[in-house]
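Single-structure report; data block below.
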Amino acid sequence: MSAPSACADLALVIIARNEAASIARCLLSAKPFVDRMVVLDTGSIDDTVAIAQSCGALVSHMAWTNDFSAARNTALQAANADWNLILDADEWLESGGEHLRTLSGAAPSVGVVCVKNDTDAAESASQLIAWIPRLLPRGVHYTGRIHEQPVSSLPAARVPIVVRHDGYTAAKMQKKGERNTQLLLDELKHRPDDPYVLFQLGKEIELHQEDYARATDYYARAFALAPQDAPYRRSLALRYLYSLGKSDRLDEAMAHADTSIHAWPDFPDLCFALGLVLVDAAVKHPEHASTQWLPLAEQAFCRCLEIGDQAGMDGSVVGRGSFLAAQQLATVYQMQANVLARKSEQYLALSRQMQGAPAPREV
């Protein structure tokens, strides 16, 4: 393997279990830019280990202990590198490998990379954008059983590295849902007032169990406890808004939306979530659809288009400021047309009734 520099010692570090379908793609994407590749296998029963070794990775083993940070830290110890590029097996390096060659002599810092998460077919051209610390100097370690976070007093800065991830599709997430929820519940026993754990637990329950009332309770606690400058607070505000709407707590949803959009006026995803809540309200409460919910939904989706996509904003989905918002606007206008058509029919029937004319016979 070609090393990034004679002075830089850089390792690709992966933890994996039963990732035979994707691990070669991950390893080969980064292989030209690192000194070595280290895989910690936590109990694969497929060909993960053999494939990793055939790609040139050094494979070590650890029994799974239901603790992601323990696995990450064991893998970092095995790598024993000055710099560590952290990837999951269902990710791959899309661009920015050349930046890894500039690490020689660089002051230690935590590198935050752009992770583009592919979504399902309904939003086939959209991607959830996340900015995650993944380029770690020696000495940084992880904490947290799940949704683990690196711990360091070093400064963090974005670096020009783009990672792709296709593990957020429904089929793949369904397999992880029950495991993740239980791990988060276990973590909550140890950290009952940790807003990040509460946020992640609410998200698991919302997305995989669709228990919006229960998710809303976790989000409410998380939002009350999260520091104002917490990097996840904006995404938490979005999920809280959506779950309030799904729980039919519309007054609370509207109040929360007003506060949140004022706090993050350039985050199209918040306006998009509000639009979805309002469309849902129009379906649930058709008596107020044309006078209240649909005009407000139109405003929300138009605001998304005014803001535009914000790919550099953590937690934003590409499309919610462009084509996805336009699709939703088309739906809103169709719903408005349907409401007007029904009203037209009602008033025509009333006119006939007032004239004493018989209703037209159906053919």
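Going by this note's numbering, the first residue of the sequence shown is number 915, and it counts up by one from there. Yeah, the Cβ is synthetic: ideal placement off N, Cα and C, and Gly gets one too. A quick note: this is a predicted structure, and the numbers were derived from the prediction, not measured.
Expressed to the nearest angstrom, what Euclidean distance is found between the alpha-carbon atoms of residue i and residue j?
{"i": "E1201", "j": "A1195", "result": "10 Å"}
{"i": "E1118", "j": "Q1250", "result": "34 Å"}
{"i": "V927", "j": "A966", "result": "12 Å"}
{"i": "A1071", "j": "G1025", "result": "5 Å"}
{"i": "T1130", "j": "G1226", "result": "27 Å"}
{"i": "L1219", "j": "D981", "result": "42 Å"}
{"i": "R1189", "j": "T1205", "result": "Before going further, note that residue 1189 is Gly rather than Arg in the sequence given. Their Cα atoms are separated by approximately 15 Å."}
{"i": "L1264", "j": "L1210", "result": "29 Å"}
{"i": "C1028", "j": "L1049", "result": "11 Å"}
{"i": "H1122", "j": "Y1082", "result": "12 Å"}
{"i": "K1103", "j": "V1054", "result": "25 Å"}
{"i": "A1239", "j": "Q1142", "result": "28 Å"}
{"i": "E1259", "j": "A934", "result": "60 Å"}
{"i": "A1177", "j": "H975", "result": "46 Å"}
{"i": "P1179", "j": "Q1241", "result": "22 Å"}
{"i": "E1120", "j": "N987", "result": "30 Å"}
Using a Cβ-Cβ cut-off of 8 Å (strictly less than) and excluding sequence neighbours within five positions of residue i, which residues of its own chain qualify?
{"i": "Q1213", "result": "none"}
{"i": "L1208", "result": "L1192, V1193, A1196, V1246, M1249, Q1250 and V1253"}
{"i": "K1198", "result": "D1162"}
{"i": "S1230", "result": "L1042, I1043, F1181, P1182, D1183, D1223 and Q1224"}
{"i": "A977", "result": "T956 and G957"}
{"i": "A1140", "result": "P1109, Y1110, F1113, Y1146, R1147 and L1150"}
{"i": "L1320", "result": "Because the chain here runs from 915 to 1277, residue 1320 falls outside it and cannot be looked at."}
Can you list, in chain order, the residues of its chain with a C-beta nearer than 7 Å to that of residue i? Leave out the 5 residues immediately preceding and following it.
{"i": "C940", "result": "I928, L1001, A1003, E1005 and W1006"}
{"i": "L1262", "result": "none"}
{"i": "A1187", "result": "L1152, L1155 and Y1156"}
{"i": "V973", "result": "V953, D955, V963, A966 and Q967"}
{"i": "T1173", "result": "none"}
{"i": "Q1269", "result": "none"}
Under three-state DSSP, which class holds residue i?
{"i": "E1259", "result": "helix"}
{"i": "E1220", "result": "helix"}
{"i": "I928", "result": "strand"}
{"i": "N1252", "result": "helix"}
{"i": "P1069", "result": "coil"}
{"i": "I1046", "result": "strand"}
{"i": "Q1114", "result": "helix"}
{"i": "Q1142", "result": "coil"}
{"i": "Y1056", "result": "strand"}
{"i": "N994", "result": "coil"}
{"i": "M1168", "result": "helix"}
{"i": "P1064", "result": "strand"}
{"i": "L1121", "result": "helix"}
{"i": "H1104", "result": "helix"}
{"i": "V948", "result": "coil"}
Can you tell which of the options has its C-alpha closest to the C-alpha of residue i?
{"i": "P1182", "options": "H975, I1060, M1268 and C1216", "result": "C1216"}
{"i": "H1013", "options": "V1054, I959 and V1076", "result": "V1076"}
{"i": "D1080", "options": "A938, R1052, D1100 and T1033", "result": "T1033"}
{"i": "R1256", "options": "S943, A934 and A1203", "result": "A1203"}
{"i": "A993", "options": "A971, P1022 and K1160", "result": "A971"}
{"i": "Y1126", "options": "A1171, L1158 and T988", "result": "L1158"}
{"i": "K1030", "options": "A1244, V1232, Q1241 and L1243", "result": "V1232"}
{"i": "P1074", "options": "S1009, K1090 and S1236", "result": "S1009"}
Could you pull out every residue in the same chain whose Cβ sits closer than 6 Å to the Cβ of residue i, ignoring the five residues on either side in sequence?
{"i": "S983", "result": "Y1056, T1057, G1058 and E1062"}
{"i": "L1112", "result": "Y1132, R1135 and A1136"}
{"i": "G1116", "result": "A1129, Y1132 and Y1133"}
{"i": "G1164", "result": "The question names Gly, but residue 1164 is Leu in the sequence shown. These residues qualify, in order along the chain: A1195."}
{"i": "S1066", "result": "V1024 and V1054"}
So is residue i in contact with chain D if we call contact Cβ pairs under 8 Å?
{"i": "D961", "result": "Going by chain labels, chain D is absent from the structure shown, which holds only one protein chain."}
Practice problem: Taking 8 Å as the threshold, find out whether the region 984-1001 comes into contact with the region 944-955 through three or more Cβ pairs. | Solution: yes
Exercise. Say whether the region 1040-1053 touches the region 1089-1105, bearing in mind that this needs 3 or more beta-carbon pairs closer than 8 Å, one atom from each stretch.
Key: no
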